[in-house]
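Trainee:
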Amino acid sequence: MSKDIVGQYFAAFNAGDADGMLALVTDDVEHHVNQGEVRRGRERFAEFCSHMGVSYREELRDIVILAEGDRAAAEFIVHGTYLQTDPGLPEAKGQTYVLPAGSFFTLRDGKIARVTTYYNLADWIRQVS
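Under the working numbering, the first residue of the sequence shown is numbered 1191, with each subsequent residue one higher.
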């Protein structure tokens, strides 16, 4: 079950289906972003998804999902294009990047209650600079 939910989450991400992602998270979801603050709640998660859809176009490939009980982890490669400048980051000019990343999940009542994502920000900055 855990692997299925996480697989659906990544399929929605790759389809650019923010509503599909939102349908898979709890109302009080905790979204721990690499190098950023924890966003709590579906509304904050929706804001993040909207921002990402404008600033980046990404596809996750080579996804491997491991799950046990109410926990899951995934490793993947992000293939992306930097579309619109994010404040405090290099200027966006349509640069492409390939970046290994990983996410950790806590599941509750058949939904994602926490997602924590990690990647090497310095590597990303080097690739888009």
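Glycine residues also receive a C-beta, built at the ideal position from the N, C-alpha and C atoms.
#1: Among S1293, G1226, F1294 and I1315, which has the Cα closest to the Cα of T1286?
#2: My output table needs one value for L1279: the three-state DSSP class, helix, strand or coil.
#3: Would you mind sorting H1221 into buried or exposed? The rule is 16 or more other CB atoms within 10 Å of its CB.
#4: Quick one: grab the DSSP three-state call for G1197.
#5: Taking Y1246 and T1271 to be in contact with their CB atoms under 8 angstroms, please state how far apart those CB atoms are, rounded to whole angstroms.
#6: Based on the DSSP secondary-structure assignment, which residues constitute the bridge partners of T1271?
#7: Using three-state DSSP, classify D1218 as helix, strand or coil.
#8: Straight-line CA distance for V1228 to D1217?
Mentor: So, to answer that:
#1: By one-based count along the sequence shown, residue 1286 stands at place 96. Out of S1293, G1226, F1294 and I1315, I1315 has the C-alpha closest to the C-alpha of T1286.
#2: Mapped onto the sequence shown, residue 1279 falls at position 89. Note: L1279 maps to coil in three-state DSSP.
#3: Mapped onto the sequence shown, residue 1221 falls at position 31. Per the 10 Å Cβ criterion, buried.
#4: Position 7 of the sequence shown, counted from the first residue, corresponds to residue 1197. Helix, per DSSP.
#5: On the sequence shown, position 56 is the one that residue 1246 refers to. On the sequence shown, position 81 is the one that residue 1271 refers to. Rounded, the Cβ-Cβ distance is 7 angstroms, consistent with contact.
#6: On the sequence shown, residue 1271 is found 81 positions in, with the first residue counted as 1. In the DSSP output, where bridge partners are listed per residue, T1271 has R1247 and T1286.
#7: Mapped onto the sequence shown, residue 1218 falls at position 28. Three-state result, D1218: strand.
#8: Position 38 of the sequence shown, counted from the start, is the residue given in the question as residue 1228. Position 27 of the sequence shown, counted from the start, is the residue given in the question as residue 1217. About 15 angstroms.
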